[in-house]
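Q:
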Amino acid sequence: MTSSLLSEVRAFPAQSARVCLGPGAPRSVADFLERAGFEVLSYAQRHHARLYVDFLGARPAGIDVISVDLAAKAGFSPRPSADFACDDPEAVACFIVSSMLGLNPTLVTTDREMLGVIRSAVAVAASHVPVVLSGEVGVGKQSLARLMHAASRSTGAWIPANCSSFEDVDMGALAQSAGRAGAPATLFLDELGELSALGQ
83 MTSSLLSEVR AFPAQSARVC LGPGAPRSVA DFLERAGFEV LSYAQRHHAR
133 LYVDFLGARP AGIDVISVDL AAKAGFSPRP SADFACDDPE AVACFIVSSM
183 LGLNPTLVTT DREMLGVIRS AVAVAASHVP VVLSGEVGVG KQSLARLMHA
233 ASRSTGAWIP ANCSSFEDVD MGALAQSAGR AGAPATLFLD ELGELSALGQ
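Add 82 to the 1-based position in the sequence shown for the working numbering, that's all there is to it.
If you want it as structure tokens, here you go:
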């Protein structure tokens, strides 16, 4: 992806993409969130955020709060009030993204390459461009597509379709049925390579 396209995509952040990181937040968490297209607000602006992330055990009233324990290491018990405990700041940022997007189950990784993919996926989700995800079975294409759908501005449905169960697909009929949802939908075509050349 060219840097100019990425800049253009980041100019259109996902809806309600404001997060406030409380005292004790590492700068790397804020950097990750900003590169993914989220707006990181100061503590003084916390009431304008969609989510407040607590790092010290305080839960301010009047805003959705998640509590993170970054000090949790092997052999030490995390704070009982912590929603997530990990000593990797980028994995914490990934958890925050999942929480902001309401993903269930939560998408969390400590793999550096996958963290970069997640940052890019959230940034691209704000645009209206078709996206092709390719990779081996089990690498998380559907989870990533679900993340992109949640991060997009779309209020439409998430429609997964496994193409390996189709003999041939009438794409016109499929698009028409997806359009009946009333809003633009996210159509996830799994196993697209299993279709005949005509179907593809």
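Just so it is clear, CB atoms sit at the ideal spot from N, CA and C, and this is done for glycine as well.
By alpha-carbon positions, which one of 276, 247, 241, 278 ends up nearest to residue 270?
A: With distances taken between Cα atoms, residue 270 lies closest to 241.
Q: Look up residue 246 in the DSSP assignment and say whether it is helix, strand or coil.
A: It is helical.
Q: Count the C-beta pairs between the region 110-119 and the region 163-179 that are closer than 8 Å, then say yes if the count reaches three, no if not.
A: Yes, the region 110-119 touches the region 163-179.
Q: Restricting to runs no shorter than 3 residues, where is the beta strand (DSSP E) found entirely within the region 114-192?
A: Segments of the beta strand (DSSP E) lying fully in the region 114-192: 121-123, 133-136, 147-151.
Q: Roughly how many angstroms separate the alpha carbons of residue 238 and residue 99, rounded to a whole number?
A: Between residue 238 and residue 99, the C-alpha separation is close to 18 Å.
Q: Suppose you measure from the CA of residue 94 to the CA of residue 131; what does that come to, to the nearest Å?
A: For residue 94, the predicted model reports a pLDDT of 37, less than 50, meaning its position is unreliable; a value from the coordinates is still stated below. Taking the straight line from one Cα to the other gives about 17 Å.
Q: Whole angstroms are fine: how far does the CA of residue 123 sit from the CA of residue 86?
A: Bear in mind that the predicted position of residue 86 carries a pLDDT of just 37, short of 50, making it unreliable; the figure below should be weighed with that in mind. Going by the C-alpha atoms only, they are around 25 Å apart.
Q: Does the count of Cβ pairs from the region 201-209 and the region 217-234 closer than 8 Å reach three?
A: Cβ pair count under 8 Å is three or more, so yes.
Q: Is the separation between the beta-carbon of residue 218 and that of residue 245 shorter than 9 Å?
A: For residue 218 and residue 245, no; Cβs fall outside 9 Å.
Q: Regarding residue 174 and the ligand GDP, is the C-beta to nearest heavy atom distance less than 8 Å?
A: The ligand GDP is absent from the structure shown, which contains no ligand whatsoever.
Q: Would you say residue 133 and residue 102 are within 9 Å of each other, going by their C-beta atoms?
A: Cβ distance < 9 Å, so residue 133 and residue 102 count as in contact.
Q: Going by DSSP, which residues form a beta bridge with residue 271?
A: Its beta-bridge partners are 243.
Q: Suppose the cutoff is 7 Å on Cβ atoms and the five residues either side in sequence are ignored; what does the same chain contact list for residue 145 look like?
A: Counting only Cβ-Cβ distances below 7 Å, and skipping sequence neighbours, we find 128, 129, 131, 134.
Q: Are the Cβ atoms of residue 197 and residue 114 separated by less than 9 Å?
A: Yes; because the gap between Cβ atoms is below 9 Å, this pair is in contact.
Q: Determine the DSSP secondary structure at residue 221, reduced to helix, strand or coil.
A: Three-state result, residue 221: coil.
Q: Between which residues of its own chain and residue 141 is the CB-CB distance below 6 Å, once the five residues before and five after are set aside?
A: For residue 141, where only same-chain residues beyond five positions count, the Cβ hits under 6 Å are 147.
Q: Go ahead and label residue 97 buried or exposed: buried means 16 or more other beta carbons lie within 10 angstroms of its beta carbon, across all protein chains shown.
A: In this predicted model, residue 97 has a pLDDT of only 42, less than 50, meaning its place in the structure is not dependable enough to derive any value.
Q: Would you tell me roughly how many angstroms separate the C-alpha atoms of residue 236 and residue 109, rounded to the nearest one?
A: Taking the straight line joining both Cα atoms gives about 30 Å.
Q: Rounded to the nearest angstrom, what separates residue 185 and residue 225 at their Cα positions?
A: Computed Cα separation, rounded: 9 Å.
Q: May I ask you to list the residues that DSSP assigns as paired with residue 101?
A: According to DSSP, which records beta bridges pairwise, residue 101 is partnered with 122, 133.
Q: Considering only C-alpha positions, which residue in the set 166, 202, 221 is nearest to residue 213?
A: For the residues 166, 202, 221, the minimum Cα distance to residue 213 belongs to 202.
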